[in-house]
Amino acid sequence: MGIDFYTDFDPTYGQVVGLSPLVRRLVAKNPNPFTYTGTGVYVIGRGDVAVVDPGPSMDDHLDSVEAMLDPGERITHILVTHTHTDHTAGVAKLQERTGAPTHGFGPHGPVPDTHPLDMVSFDEYFTEDEKAEFNKAWADTPDELKREGPDTDFVPDIAVRDGDVIAGAGWTVEVVHTPGHTSNHVCFGLREEASLFTGDHVMGWATSVISPPDGDLFDYMNSLRKLLERADERYIPTHGPIITRPHEHVRAFLAHRQSREDQIVEALKSAPDDGQIAIKDLVPTMYADVDKRLWRAAANSVYAHLLGLQRQGRVEQQEDGWVLVDPTAASSSQRDV
Ligand SMILES: [Zn+2]
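Numbers 39 to 375, taken from the numbering used here, label the letters of the sequence shown in order.
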């Protein structure tokens with residue numbers, strides 16, 4: 039089962055693109071393997087407008103965000119889908135410039151000092167040339183963009199909850215809580231145009247990174263199903279193009295995650311000797327056709343799957359890896375726990 043990715047996208051850096059009567063877009067010049075062509079910043083409305091996810095904090099980028107407005111317009115709302123720095127690093131500065139209050143679910147969840155995957159390395163899979171190339175690209179990357187990840191500074195002025203409605207001048211946005219990518223992720227549904235701003239929950243160009251402990255695959259799957267109950271006509275993600283067949287796309291993501299889980303279970307079933315397989319050995323096979331620079335992120339997703347399987351009592355973590363507890367147990371409902 040494949041996913042029909044939406045990859046046809048020209049970021050037109052520095053230019054404002056009108057997407058619909060109420061929506062304008064600008065793409066920040068922060069492309070990398072996680073942001074695709076960069077962070078898409080959206081303006082909703084005419085006159086008194088909202089900005090969805092201001093993006094990075096580079097001054098020239100924020101100048102461009104302000105320049106998205108026509109003379110006489112002003113930013114009255116800053117809407118935040120979730121607390122990752124490629125979405126929120128520029129919030130404080132944009133707020134200083136505009137005085138607009140921020141609307142978001144809440145601060146980022148706890149970030150542990152050490153991560154269970156800190157010791158996982160895929161160095162052995164990179165040639166010396168590839169390592170040199172990546173190191174050079176890294177050296178050329180602005181400091182801010184190297185810190186892409188949890189933004190633990192952001193606290194919304196106005197904490198929003200699922201079902202809340204934020205009304206502006208001629209626009210109405212409904213909050214849809216979609217935990218998974220982060221626990222505080224929300225989507226914003228623009229009622230007048232039946233469009234859903236999906237942040238990083240559903241993107242066209244790639245699946246979402248689920249990074250435990252704040253990222254949670256079980257929640258993510260439920261948040262995907264939640265979108266199937268809505269009648270949005272298009273999704274507008276932060277990275278990449280608009281998704282024009284939303285439910286089809288969400289169903290493909292659900293099927294994709296199920297097949298990843300099946301792959302893990304199959305790999306564990308055929309584990310050698312002691313039955314243990316480590317995440318660093320699962321990833322290169324499962325993600326053989328994916329850019330190796332994304333394997334660290336993929337390791338997070340595999341870990342997220344294993345935690346989900348563990349919750350169902352189907353796998354267990356041991357000293358050198360993970361083992362299948364009961365290969366015949368098809369689901370948690372068969373277990374009396
Ligand atoms: Zn994110």
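Where is the CB? At the ideal position from N, CA and C, for every residue including glycine. These numbers were taken from a predicted model, which means no experiment stands behind them.
In its own chain, leaving out the 5 sequence neighbours on each side, no residue places its CB closer than 7 Å to the CB of P59. Taking the Cα of G147 as reference, the smallest distance to any Cα among S246, T220, E231, V247 is reached at T220.
In the same chain as V54, and ignoring 5 residues on each side of it, the C-beta atoms closer than 6 Å to its own belong to R62, L64, M106, in chain order.
Distance from H122 to D238 at the Cβ level is roughly 7 Å; contact confirmed, criterion being Cβ atoms closer than 8 Å. Residue side-chain check: D238 places its Cβ nearer than 7 Å to a non-hydrogen atom of ligand 1. Judged by their CB atoms, D86 and A207 are nearer to each other than the 8 Å cut-off.
By the 16-neighbour rule on beta-carbons within 10 angstroms, L266 is exposed. Classified as buried, F226 has 16 or more neighbouring CB atoms from the shown chains inside 10 Å of its CB.
The bridge partners DSSP lists for T140 are I116. For D86, the enclosing beta strand (DSSP E) has its first and last residue at 86 to 90. Annotation for E286: the continuous alpha helix (DSSP H) segment containing it runs 284 to 307.
In this structure, the C-beta of H120 approaches ligand 1 to less than 7 Å from one of its heavy atoms.
Taking one beta carbon from each stretch, the region 117 to 134 and the region 70 to 84 have 3 or more pairs nearer than 8 Å; the two touch.
Where E212 is concerned, the enclosing beta strand (DSSP E) starts and stops at 210 to 215. Under the three-state reduction of DSSP, H223 is assigned to coil, being neither helix nor strand. Counting only unbroken stretches of 3 or more residues, the beta strand (DSSP E) elements lying wholly within the region 307 to 366 are 353 to 356, 359 to 362, in sequence order.
Straight across, the Cα-Cα distance linking P284 with G110 is about 35 Å. With a contact defined as Cβ atoms closer than 8 Å, V340 and I302 qualify at about 7 Å. Within the chosen limit of 7 Å, ligand 1 does not reach the beta carbon of H146 with any heavy atom. With distances taken between CA atoms, D257 lies nearest to A342 out of A342, T282, R84, N70. Using a C-beta cut-off of 8 Å, the region 191 to 209 makes contact with the region 134 to 144, since at least three inter-stretch Cβ pairs fall below that distance. N173 is not bridged by DSSP to any residue. Taking C-alpha positions only, V129 is separated from D108 by approximately 21 Å. Measuring C-alpha to C-alpha distances from V90 to each of F164, A127, Y44 identifies A127 as the nearest. Counting along the chain, A207 sits inside no alpha helix (DSSP H), nor does DSSP assign it H or E at all. If you look at V65, you'll find it in the beta strand (DSSP E) that goes 61 to 65. Here the distance from the Cβ of H215 to the nearest heavy atom of ligand 1 is not below 7 Å.
H125 has its Cβ nearer than 7 Å to a heavy atom of ligand 1. Bounds of any alpha helix (DSSP H) do not take in T236; it lies within the beta strand (DSSP E) bounded by 233 to 237.
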